[in-house]
Amino acid sequence: MELTILGTGNAAVTECYNTCFALSDGSRHFLVDAGGGNQILKRLKEVDIELADIHDIFLTHEHIDHLLGLIWLIRMIGQKMNQGAYEGELRIYCHDGLAGTIRTIAGLTIQQKVTKHIGGRIRIITVGDGESRKITGQDVTFFDIGSTKARQFGFSMVTREGHKITCCGDEPYNPCEECYVKGSDWLMHEAFCLYREADIFHPYEKHHSTVKEACELAERLGIPNLILYHTEETHLPYRKKLYTEEGKQYYRGNLFVPDDKEIFTV
């Protein structure tokens, strides 16, 4: 299983892309969020993921830095369907409060010759808290992260090899997630900024955490591999070094601070 980080930044970044990623088993891809615009198309092209090979997308929540790239994917994949260049169906997973939003935005911004596929070959599939699905041959369980901002889901995937990968969305870990996060081999967690710069970036006011809190959490839960994302971009050329140095003060496992387009084997 390969994990391709398509974007690592928070909502307001301009020098990197908004946080989104793909989990790939050969030519089968599970895309998680899509960033805030059509740069998702460029990112996918740069990492050699063909639109025709994307059949499963999960949208965690409604914020524009996660949602709007999906509208571009619906448009482009729908066009490929019309051209006979896309086989099968596109499945979009989300919680039940998001399905209508996706349909409305797509209906207002995309031509009917594409949106006609929504409800047919483009399926919007609502998932509930604790509901499991088989995606790219792996077991995926979705869960409500208990957000107080906008309703948001994360997920855990157990690969065929038995490795557990958990994504907590873009907010700090909530104890309600424990049964899903516990026992993970890989944890993906937001880290808005360095702890020593919390007074500059104000992560707590935005319902985010710092490198310190994310690493303390992973240490306490005994997570062997931790990936930090959804960060600010002020330190972009040195982000990996600075975040790793701070994180290693609180976490003894394998700490990863990826750049956009970085690929991991998980």
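Note that full-length UniProt numbering numbers the sequence shown so that position 29 is 29, with each residue one more than the last. From the three backbone atoms N, C-alpha and C, an ideal C-beta is built for every residue, glycine too. Note that this is a predicted model, so its numbers are computed, not measured.
Query, Result
"Continuous alpha helix (DSSP H) assignments of at least 4 residues falling wholly in the region 175–239", "178–181, 198–201, 211–221"
"Boundaries (first-last residue) of the alpha helix (DSSP H) holding Q112", "112–115"
"A191 and H230 closer than 9 Å at C-beta", "yes"
"Option nearest I110 by Cα separation, candidates E87, L68, D96", "L68"
"Beta-carbon gap between T70 and I57 smaller than 9 Å", "The sequence given here places Leu at residue 70; Thr does not occur at that position. Contact: yes."
"Close beta carbons around E131, own chain, < 6 Å, minus the five adjacent residues each side", "F142"
"Beta-carbon proximity of M157 to I165, cut-off 9 Å", "yes"
"Selected residue, minimal CA-CA separation from R75, among Q249, G7, Q112, D65", "Q112"
"Residue span of the alpha helix (DSSP H) that contains T14, given as start and end", "T14 -> no alpha helix (DSSP H), and no H or E assigned at all."
"Chain-order list of residues whose beta-carbon lies under 8 Å from that of Y204 (same chain, five-residue window excluded)", "A198"
"Exposure of Q83, with buried meaning 16 or more beta-carbon neighbours within 10 Å", "exposed"
"Given 8 Å, three or more beta-carbon pairs between the region 222–240 and the region 254–266", "yes"
"Unbroken stretches of the beta strand (DSSP E), 3 residues or longer, contained in the region 79–112", "90–94"
"Whole beta strand (DSSP E) elements within the region 21–91, 3-residue minimum", "28–32, 54–58"
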